[in-house]
Amino acid sequence: MTQNPASPTNKKISNYIMTIVVIVLALSVISIILAVSVYLTGTPTQSQADLTAGFLAIIGLVAMTMSLVTLFQSRRQAAEMKIEVPKVMTTIECKKCGTKTVREFQRGDYVYKDLDACPKCPDTKQIITAVYKEIKEKEKTYNV
0 MTQNPASPTN
10 KKISNYIMTI
20 VVIVLALSVI
30 SIILAVSVYL
40 TGTPTQSQAD
50 LTAGFLAIIG
60 LVAMTMSLVT
70 LFQSRRQAAE
80 MKIEVPKVMT
90 TIECKKCGTK
100 TVREFQRGDY
110 VYKDLDACPK
120 CPDTKQIITA
130 VYKEIKEKEK
140 TYNV
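What the sequence shown shows, in numbering that gives the first Met the number 0, is residues 0 to 143, in sequence order.
Right under this line is the structure:
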């Protein structure tokens, strides 16, 4: 069985997060445009226009910064995610002499499937006795 490395589908950002980021980014751009518009048009008192434009600009810049940081963090996190495909093994035994062979799983393997003749005793067929995934022991880390 061929094991393919991390496929491109697991490097995608969640559609939910992407939607929120795009909406917040659009609102931040609108806020900055409104800030410029209020600053240029002004109101009866210029100090109120400056204050309103300042608040809108700050809100827009903060929202834009937050959405861009969220976008880049979720992209980095998605790229770091790795899904390891377990190695599947097949155990083959001879019915007569008991010779055991272990090989990688091949499509169509199943337990008690008759295979080719045994290399030691050619008159006897081999049989698949086990199909299992290989479990690697996780490395132990010691805190010092």
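Ideal Cβ placement from N, Cα and C applies to all residues, glycine included.
query, result
"Under a three-way DSSP split, which group does residue 131 fall into?", "strand"
"Can the beta-carbon of residue 127 be found less than 8 Å from the beta-carbon of residue 111?", "yes"
"If you count every other CB in all the chains shown that lies within 10 Å of the CB of residue 105, and 16 or more means buried, which is it?", "exposed"
"How would you label residue 13, buried or exposed, when you count the other beta carbons within 10 angstroms and need 16 or more for buried?", "exposed"
"Residue 120: which of 129, 96, 15, 20 sits nearest, CA to CA?", "96"
"Mind checking residue 68: buried by the 16 CB within 10 Å criterion, or exposed?", "exposed"
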